[in-house]
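Per the working numbering, numbering of the sequence shown is gapless, rising by one per residue and ending at 201.
Below you'll find the structure, written out as structure tokens, and then a few comments.
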Amino acid sequence: MGEIKSALELALEKTQDIKSNKAHLEAQDINKEGRRMATRYLSNPDNEENDIRKQLDAQKDEAKMKMLKQGVLDALMANLVLPQNREFADWMGVLTKAFGLAVKDRKKVDSLFKQLEGFFIQYLDNREKIQKSLEAQFAPRLKQKEEQLSKQMGSKVKINPSQDPEFINFLKGNLGQLEEQYRKALDEAKLELKKLAEA
């Protein structure tokens, strides 16, 4: 037979749950504020009001400062992704500076981001090589489709590989494997950044 609890015991248990939920909600709110700090900085890094380091240093409560910092880092990590084109350098500069403001050892952050920049260039180079290789490999198939469509339409038809659904699926599958490999390496770099932030 189960234990019978008094009304007082039940009320005390519920009160305890409410207290822990309140603390959890407060921690979430502080984390969200940290995320907003990072977002404001990333949106306008030249505005001194958005300086992450100044805002963290202004926080006198050590526990709250750590939660704010975690929110900042969460937002910055979410913005550290594989680039889609070669225009990523400016964005990397902003992210490097943002991480440098959130982490005490800025030299290590700068060094890690230099490595990431080379890593991203290598990723984009490999991506372009794969795409060109697949286009060459798929060219006979596209030529065959063009000839069939030309016969049907009665005029010459040219198909761009980026408009062919079969090629797009073929490309996505191959690029997906590449992205997975690079994403794993990027996750390792993020772990390194997290260690720097905790130091």
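Ideal placement from N, C-alpha and C gives every residue a C-beta, glycine not left out.
* **A201 to L75 span [Cα, whole Å]** => Linking A201 to L75 through their CA atoms gives a straight-line distance of about 13 Å.
* Tell me, to the nearest whole angstrom, how far the beta carbon of D96 is from that of L198; I am working on the premise that it is less than 8 Å. => Note that residue 96 is Val in the sequence shown, not Asp. Not quite, the Cβ-Cβ distance comes to about 18 Å (not below 8 Å), so this is no contact.
* What is the residue span of the alpha helix (DSSP H) that F172 lies within? -> Unbroken alpha helix (DSSP H) run through F172: P167 to E200.
* contact_flag[the stretch 85-99, the stretch 109-126] where n(CB pairs < 8 Å) is 3 or more -> In the pairwise beta carbon analysis, the stretch 85-99 is classified as touching the stretch 109-126: at least three pairs are separated by under 8 Å.
* Does the count of Cβ pairs from the stretch 104-118 and the stretch 150-166 closer than 8 Å reach three? -> Put simply, the stretch 104-118 does not touch the stretch 150-166. Fewer than three CB pairs are less than 8 Å apart.
* To do: Please look up how many angstroms separate the CB atoms of L70 and E35, rounded, as I've assumed it's under 8 Å.
  => Indeed they touch by this definition, with Cβ atoms about 6 Å apart.
* Put S157 into one of helix, strand or coil per three-state DSSP. => Here S157 sits in coil by DSSP.
* To do: Can you tell me which of N49, N128, G73 and E64 puts its alpha carbon nearest to the alpha carbon of G178?
  => Closest by alpha carbon: N128.
* Asked: Can you tell me where the alpha helix (DSSP H) with Q203 in it begins and where it stops?
  -> Because the chain here runs from 3 to 201, residue 203 falls outside it and cannot be looked at.
* For K110, I'd like the list of residues in its chain whose CB is within less than 6 Å of its CB, leaving aside the five on either flank, ordered along the chain. => L198.
* To do: Sort L82, M39 and N81 by Cα distance to Q61 and report the nearest one.
  => Ranking L82, M39 and N81 by Cα distance to Q61 puts M39 first.
* Locate the alpha helix (DSSP H) running through L75, then write down its first and last residues. => In this chain, the alpha helix (DSSP H) harbouring L75 covers E64 to N81.
* Asked: Whose C-beta lies closer than 8 Å to the C-beta of R37 among residues of the same chain, with five residues either side of it excluded?
  -> Cβ neighbours of R37 beyond the five flanking positions: G73, V74, D76 and A77.
* Hey, would you say I161 sits closer than 7 Å to K147, going by beta carbons? -> Cβ distance < 7 Å, so I161 and K147 count as in contact.
* Asked: Taking C-alpha atoms, which residue in R55, L173, Q57 and L193 lies nearest to K131?
  -> Shortest Cα-Cα distance from K131 to any of R55, L173, Q57 and L193 involves L173.
* **Rounded separation between Q165 and L114 - CA only** => One C-alpha to the other measures close to 38 Å.
* Asked: Of all the alpha helix (DSSP H) runs that stay within the bounds of the stretch 79-151, which reach a length of 4 or more residues?
  -> DSSP runs (the alpha helix (DSSP H)) wholly in the stretch 79-151: 91-104.
* Within the same chain, show all residues whose beta-carbon is closer than 8 Å to that of K54, passing over the 5 residues directly before and after it, in chain order. => Going by the sequence as given, residue 54 is Ile instead of Lys. Result list for I54: M39, A40, Y43, V74, A100, L103 and A104, in chain order.
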